[in-house]
Every structure is written in structure tokens, then in C-alpha cells.
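With my numbering applied, the sequence shown covers 311 to 406. We put the beta carbon where it would ideally sit given N, CA and C, even for glycine.
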Amino acid sequence: MASLLVDLTVNLDLYESNADSTGDLIEEVAEVEPHIILLEESSPFSENSFLVRLLIAKPGVPVIVIGEESNFMYIVHLETKLLSSSDELIKAIERV
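Below you can see the structure in the form of C-alpha cells.
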């Protein structure tokens, strides 16, 4: 996917990961400090359990997951908030 983006635009500073494991990818993300993480839906790195680890490791970095066949895109980000009442929990659920 990164090669496609390189061919289409000159305004992006892209880094394509060669990580073989989730641990390696999290280390790379910590070193590179990206503004956005783009993943292919078919990648093992787009599984929910890994996305949670990634969002905890880099909470301010949005993750975009793209389905190659459907072109469907998910944008995932981490938002943390200390709840002071059950009313705040209900409002958070309603926002989603």
C-alpha cells in the first residue's frame, strides 16, 4: 500500500515497516513516531488485539485500516477519560 501512495503523491513522508512481529512493529512505531499509522485489513497487524496494544503504546496516533477489496476504511483512535458518574458513561456510549 505504501508503494501506491508514493506513486500518487509527493506531499507525504512515508515509512514502510518491515516488521515480522507485533513486538517489532510496536518498537518501530516508538522509534519512527508517526503522525498516522496505515494498515491493510488483511495484515495480521490489523487484528483487534494488536490494535488495542498499539493504541495503548501510542495513544495520540490514529490508526487507519483499509480493506483492499472493498476500499472500506476504519479510523481508530484512543480516547481516555476518567468517569466521575454513570451519566458520563451513558453520554460516552451515546456519542459512539
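For Val386 versus Leu361, is the C-beta distance shorter than 9 Å?
Cβ atoms of Val386 and Leu361: closer than 9 Å.
Once the 5 residues before and after Ala367 are set aside, which same chain residues still bring their CB inside 8 Å of it?
Ile336, Val339 and Ala340
Considering just the uninterrupted stretch of the alpha helix (DSSP H) at Glu351, what are its terminal residues?
Membership of Glu351 in any alpha helix (DSSP H) is not indicated, and neither H nor E is assigned to it by DSSP.
On a CA-only basis, which of Glu343, Glu350 and Pro344 is nearest Val375? Give me that one, please.
Glu350
Could you give the residue range of the beta strand (DSSP E) that holds Val371?
Unbroken run through Val371: none, as it is neither H nor E.
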